[in-house]
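Peer 1:
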Amino acid sequence: GSNVEKYGADVIPRMAAIGCELGNHSYAHPNMKELSLDDGLAQFQMTDDLIAQYNNGQGATVIRFPYGNSTDELLASIGRPSIMWDVDTLDWQTKNVQANISAVLDSVSPGDIILMHDIHETTVESCATIVPELINRGYCHDSCSCSGKRRGSCSGRDVLRLPWRNDKRIENRIEKRQRTAGLLSNQE
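Numbering (this note's numbering) for the sequence shown: -16 to 171.
#1: Between which two residues does the alpha helix (DSSP H) holding Pro115 run?
#2: Looking only at its own chain, which residues have a Cβ that is under 7 Å from the Cβ of Ile97, when we skip the five neighbours before and after it?
#3: Can you list, in chain order, the residues of its chain whose CB lies under 8 Å from that of Leu24, leaving out five sequence neighbours each side?
#4: Output needed for Arg(-3): all residues of its chain with C-beta closer than 7 Å, excluding positions within five of it in sequence on either side, in chain order.
#5: Do the CB positions of Gly40 and Asp31 come within less than 8 Å of each other?
#6: With a 10 Å radius around its C-beta and 16 neighbouring C-beta atoms as the bar for buried, classify Ser53 as buried or exposed.
#7: Measuring alpha carbon to alpha carbon, tell me which of Pro49, Arg120, Leu117, Asp101 ends up nearest Pro13.
#8: Output needed for Ala11: all residues of its chain with C-beta closer than 7 Å, excluding positions within five of it in sequence on either side, in chain order.
#9: Just how far apart, CA to CA, sit Asn38 and Gly2?
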């Protein structure tokens, strides 16, 4: 929601161009159990309207309720899949690179959705270790909607979902570590 106002013009067209699935997490991140149905729907509509400005008039295809909290009435009224997580890294609470790495690598299983928040620099830093390791273990990445439909078509074992902004920070850190480890030459 409010992040679309800050980053949407740059990020959303880039995400759409590389095939990312656009999700809606509400405008102001309220606890939906504390809102009326109309107020809850308005949270998602405001965000969809912002996303649509940068996505050829289209809003998000999936939603995730803040804190995972919803009501049956709101879920039925949204009319889209609600994506929940299997592994909660608690990255927003610990803000610790090693804790994030351990939370994922010690507990991830095929098909898991990993909850992380790329607004925290420690989360971004931890992904520079997590992403290559999950790929090394045979995971690949895909959208939440497509992963269930294409199970088995991925060259790896299962699905890896990356933080929503999908900006260059993680990629640059992975590349820097590969260069430091001698896995990439300076010409690449």
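Cβ atoms here follow ideal geometry from the backbone N, Cα and C, with glycine treated the same way. These numbers come from a predicted model, not from an experiment.
Peer 2: Let me spell this out:
#1: 104 to 119
#2: Result list for Ile97: Trp68, Val70, Thr72, Val87, Val91, Arg144, in chain order.
#3: Here the set comprises Leu57, Ser60, Ile61.
#4: none
#5: no
#6: Taking all protein chains in view, the Cβ of Ser53 is crowded by 16 or more other Cβ atoms within 10 Å, so the residue is classified as buried.
#7: Pro49
#8: Gly(-16), Ser(-15), Gln26
#9: 12 Å
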